[in-house]
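Reviewing the structure listed below.
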Amino acid sequence: MEEQIQQLIEQLFQVLRTILNSTAPPLDQADEALNWFVLFVQWSAIILSALAGLYAARRRGMDFFGSMVIAFVVSLGGGTLRDVLLGRDPVFWLAEPVYAVTVLVIALLSILAGRQAQRSQTMARVAQPIEWIADEHSRLFVFVDALALGLWAYLGTIYALQMSISPVVAPIMGVITAAFGGILRDLFFAKVPQSFMPSQLYAAAAAAGAIVYVLLWELGADSTISFLACFVSTFTIRITSVKFNIQSR
Amino acid sequence: MEEQIQQLIEQLFQVLRTILNSTAPPLDQADEALNWFVLFVQWSAIILSALAGLYAARRRGMDFFGSMVIAFVVSLGGGTLRDVLLGRDPVFWLAEPVYAVTVLVIALLSILAGRQAQRSQTMARVAQPIEWIADEHSRLFVFVDALALGLWAYLGTIYALQMSISPVVAPIMGVITAAFGGILRDLFFAKVPQSFMPSQLYAAAAAAGAIVYVLLWELGADSTISFLACFVSTFTIRITSVKFNIQSR
Amino acid sequence: MEEQIQQLIEQLFQVLRTILNSTAPPLDQADEALNWFVLFVQWSAIILSALAGLYAARRRGMDFFGSMVIAFVVSLGGGTLRDVLLGRDPVFWLAEPVYAVTVLVIALLSILAGRQAQRSQTMARVAQPIEWIADEHSRLFVFVDALALGLWAYLGTIYALQMSISPVVAPIMGVITAAFGGILRDLFFAKVPQSFMPSQLYAAAAAAGAIVYVLLWELGADSTISFLACFVSTFTIRITSVKFNIQSR
Chain A
1032 MEEQIQQLIE
1042 QLFQVLRTIL
1052 NSTAPPLDQA
1062 DEALNWFVLF
1072 VQWSAIILSA
1082 LAGLYAARRR
1092 GMDFFGSMVI
1102 AFVVSLGGGT
1112 LRDVLLGRDP
1122 VFWLAEPVYA
1132 VTVLVIALLS
1142 ILAGRQAQRS
1152 QTMARVAQPI
1162 EWIADEHSRL
1172 FVFVDALALG
1182 LWAYLGTIYA
1192 LQMSISPVVA
1202 PIMGVITAAF
1212 GGILRDLFFA
1222 KVPQSFMPSQ
1232 LYAAAAAAGA
1242 IVYVLLWELG
1252 ADSTISFLAC
1262 FVSTFTIRIT
1272 SVKFNIQSR
Chain B
1032 MEEQIQQLIE
1042 QLFQVLRTIL
1052 NSTAPPLDQA
1062 DEALNWFVLF
1072 VQWSAIILSA
1082 LAGLYAARRR
1092 GMDFFGSMVI
1102 AFVVSLGGGT
1112 LRDVLLGRDP
1122 VFWLAEPVYA
1132 VTVLVIALLS
1142 ILAGRQAQRS
1152 QTMARVAQPI
1162 EWIADEHSRL
1172 FVFVDALALG
1182 LWAYLGTIYA
1192 LQMSISPVVA
1202 PIMGVITAAF
1212 GGILRDLFFA
1222 KVPQSFMPSQ
1232 LYAAAAAAGA
1242 IVYVLLWELG
1252 ADSTISFLAC
1262 FVSTFTIRIT
1272 SVKFNIQSR
Chain C
1032 MEEQIQQLIE
1042 QLFQVLRTIL
1052 NSTAPPLDQA
1062 DEALNWFVLF
1072 VQWSAIILSA
1082 LAGLYAARRR
1092 GMDFFGSMVI
1102 AFVVSLGGGT
1112 LRDVLLGRDP
1122 VFWLAEPVYA
1132 VTVLVIALLS
1142 ILAGRQAQRS
1152 QTMARVAQPI
1162 EWIADEHSRL
1172 FVFVDALALG
1182 LWAYLGTIYA
1192 LQMSISPVVA
1202 PIMGVITAAF
1212 GGILRDLFFA
1222 KVPQSFMPSQ
1232 LYAAAAAAGA
1242 IVYVLLWELG
1252 ADSTISFLAC
1262 FVSTFTIRIT
1272 SVKFNIQSR
């Protein structure tokens, strides 16, 4: 009995490891701890932004389908546009199903949980904290999102460079990956994209990080160091801007 | 003389057969009757949705160009987005001109007929029934559209599978093919997509059909039977939802 | 000293020539004067439409990032959509960075100049005429834009033909290249595209030019003559429509 459980857990880990390996951001394998940290940031951000998209859609009275589409667009839309412009065929979530499946399962469970919460007190107690975390203005959300911002900026830029796109325009792909999920969401909400109006620095932070990466890359810096510089500068600019309410103009 | 007419008719049929063959949905050639039925559904749906798009655009005061674009987007937009995401280059209506030509000619004739109808009583008598049929709430439209819904769901899914996309995400392509024509139309109308708000089941019906197809396909079922199951389940869900006003939430 | 300046100028010219050669529209090399004229029209139009997009975005209260995106979309959006639909991977401004760089530098300088103009009288005297030129209703803008309209119609059509797209649908790519920059801008402004509503002929002029090109091309006309016919007919229709206020319906 105990052996079987152990086997099951091992198998589960095996599946998890396969998923993680197939979705690991392209970093040199030098530092395993860094790789795991990056994977953790990536998946936390995908899940949190799916939830944030979902709640935003529900607040606007959208149904099951609309909410799923918005969750999808917010978390995977930027990378999708990046892949279409670069010509990475098919787009990443068709090549690697775990992204789409995660977002759809998360959205599905949340919608069902939300319905239960309207009826049962116990369920409401579970749903409430999730809703808090997924609130775009919650501290946790802003923190994880700022971490992810640097990661998206890096991913868009490196994918472009890997396809021999000039380093002069590669950062644009970083910005698109980072910022266009929210922009596409606002298109579906039929409103002018939030990030186009004066607000705390978001796309600009991603742009700065992507440019830092490209500069270091051009100077021949180690790829892990270049990544960390991109990551840290994006995060710092974003968090500083939120902390001191520095607004774009 | 009579011989010439016969020849002309034969040639016309030849052209028609070529068009039909080049746009036949990818079904096994087992049943010719089924193939013709599917072709009939496909072309009726393309023409009807082009007309529906056209009238919707005219009602909003759009001009010649805007109406043509909306007609195009409603009838061919879903398949276009599918092709872009899958990387089927160029998109189907560039590879196979008959789609675009049909939609543009239909739109052109309808606009001209509409203008004549404002002046001549005879023309008005011709235009009126077409407008009724193309009304999205007419029985005929809902019927043909429900038939086509299953076809689009099937086409998107099979194209994805043919490109070795995982069966786990292939149904998403079915839903996009079926539902995104209307969604893109609403973007151009600068309003929140209708199908994102509570309404009778549409995208959900396509999703169900696409999932049924993939399940049967995975179980190794005959491809014609899998197609029919997809087709019938989509149609049944859609029509039941309209008949009994079952709304998505 | 003088020699060094001469060398610098020569080097600058060398860079300029390289840029121009790498972005020269695909015309037969028969007539060099024509090539230079076409290049001049292309770059004037890109710069002017970037400025027009920028000012439109600023008037709507958009920030730095939003204004850059709109400038980008207005001047390069049509060609981007064309490339995505045709499957020209990656899109032209990723393959040839000078387009994106030009638009972003122009936008950047204009935003900075605009801010200076609010504070300094001298700067205001420089910024004012630029704003006039970039006004979509200024005579110069309409003139250059009408010239470019024919060029975009030609470019979209010829790129499609070069990829063996049927001449029956190739003009659609011409229209998309010419008209969809403004249409995408309006999507981001969350309003129904201007060019979809009754107005002076714009997309229709591009369509006419593209069709003229395809017809002559089919008849085996010289490619320079076909280009000129496309260019002149688009320009004439557009300018006549503006001059006599001929409105689409």
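Protein chains in written order, with the numbering used here: chain A, 1032 to 1280; chain B, 1032 to 1280; chain C, 1032 to 1280.
Glycine residues also receive a C-beta, built at the ideal position from the N, C-alpha and C atoms.
Verify the CB distance criterion: does A1148 of chain C have a CB-CB separation below 9 angstroms to chain A?
-> Between A1148 of chain C and chain A, the shortest Cβ-Cβ separation is not below 9 angstroms.
Please determine if the region 1081-1097 of chain B and the region 1060-1070 of chain B are in contact, where contact requires at least 3 C-beta pairs separated by less than 8 angstroms.
-> no
Could you work out which residues of chain C lie near A1131 of chain B, taking near to mean beta carbons separated by less than 7 angstroms?
-> V1200 and I1203
Tell me which same chain residues have a C-beta within less than 6 angstroms of the C-beta of I1077 of chain C, skipping the five on either side of it?
-> S1106, listed in sequence order.
Please list the residues of the region 1090-1122 of chain A that have a C-beta atom closer than 9 angstroms to any C-beta atom in chain C, keeping them in chain order.
-> V1115, L1116, L1117, G1118, R1119 and D1120
Cβ-based contacts, 8 angstroms cut-off: residues of the region 1221-1247 of chain B near chain C = A1221
Measure how close the beta-carbons of L1259 of chain C and I1161 of chain C come, nearest whole angstrom, since I'm counting them as under 8 angstroms.
-> 31 angstroms between Cβ atoms; not a contact.
Find out if the Cβ-Cβ distance for the pair V1122 of chain B, L1192 of chain B is shorter than 9 angstroms.
-> no
Which runs of the beta strand (DSSP E) spanning at least 3 residues fall entirely within the region 1220-1254 of chain B, listed in chain order?
-> none
How would you label L1171 of chain A, buried or exposed, when you count the other beta carbons within 10 angstroms and need 16 or more for buried?
-> exposed
State yes or no: is the beta carbon of A1088 of chain B nearer than 9 angstroms to at least one beta carbon in chain A?
-> no
Buried or exposed (CB count within 10 angstroms, at least 16 for buried), G1084 of chain B = buried
Which runs of the alpha helix (DSSP H) spanning at least 4 residues fall entirely within the region 1130-1218 of chain B, listed in chain order?
-> 1152-1164 and 1170-1193
Spatially closest choice to V1206 of chain C from C:Y1233, C:I1164, C:I1101 and C:Y1130, by CA coordinates | C:Y1233
When the Cα atoms are used, what is the spatial distance from T1208 of chain A to A1238 of chain A?
-> T1208 of chain A and A1238 of chain A have their alpha carbons spaced roughly 11 angstroms apart.
Inter-residue spacing [alpha-carbon to alpha-carbon] between A1165 of chain C and E1127 of chain C | A direct Cα-Cα distance of roughly 25 angstroms separates A1165 of chain C from E1127 of chain C.
For L1178 of chain A, which option in A:G1145, A:S1254, A:C1261 and A:V1200 has the closest C-alpha, if you only look at C-alpha atoms?
-> A:C1261
State buried or exposed for D1253 of chain C, treating a residue as buried only when at least 16 other CB atoms are found within 10 Å of its CB.
-> exposed
Selected residue, minimal CA-CA separation from I1268 of chain B, among B:A1236, B:E1249 and B:F1227 | B:A1236
8 angstroms contact criterion, which G990 of chain C and G1181 of chain C should meet: CB distance rounded = Any answer about residue 990 of chain C is impossible in this case: the structure gives chain C only from 1032 up to 1280.
Identity of the residues DSSP links to Q1038 of chain A by a beta bridge = According to DSSP, which records beta bridges pairwise, Q1038 of chain A is partnered with nothing at all.
Cα-Cα separation, Q1073 of chain C to G1118 of chain C | 23 angstroms
Can you tell me the Cβ-Cβ gap for Q1278 of chain A and Q1231 of chain A, rounded? I've got them flagged as a contact below 8 angstroms.
-> 6 angstroms
Does Q1159 of chain C get closer than 9 angstroms to chain B when you measure Cβ to Cβ?
-> no
Thinking V1175 of chain B and L1079 of chain B are a contact (beta carbons under 8 angstroms), I'd like their distance in whole angstroms, please.
-> 5 angstroms
If you compare alpha carbons, which of C:W1183, C:L1215 and C:T1271 is closest to V1069 of chain C?
-> C:W1183
For L1218 of chain B and chain A, any beta-carbon pair shorter than 9 angstroms?
-> Cβ-Cβ to chain A under 9 angstroms: yes for L1218 of chain B.
Closest by CA to W1248 of chain C, which one among C:F1266, C:A1201 and C:V1273?
-> C:A1201
In chain order, what residues of the same chain have a beta carbon less than 7 angstroms from the beta carbon of I1214 of chain C, not counting five sequence neighbours either side?
-> P1224 and S1226
Could you check if G1251 of chain C is buried or exposed, using at least 16 other CB atoms within 10 Å of its CB as the buried criterion?
-> exposed
Name the chain B residues whose beta carbon is nearer than 7 angstroms to that of S1272 of chain C?
-> By Cβ distance, chain B contributes nothing, its closest Cβ being about 12 angstroms from S1272 of chain C, past 7 angstroms.
Should S1141 of chain A be labelled buried (16 or more other beta-carbon atoms within 10 Å of its own) or exposed?
-> buried
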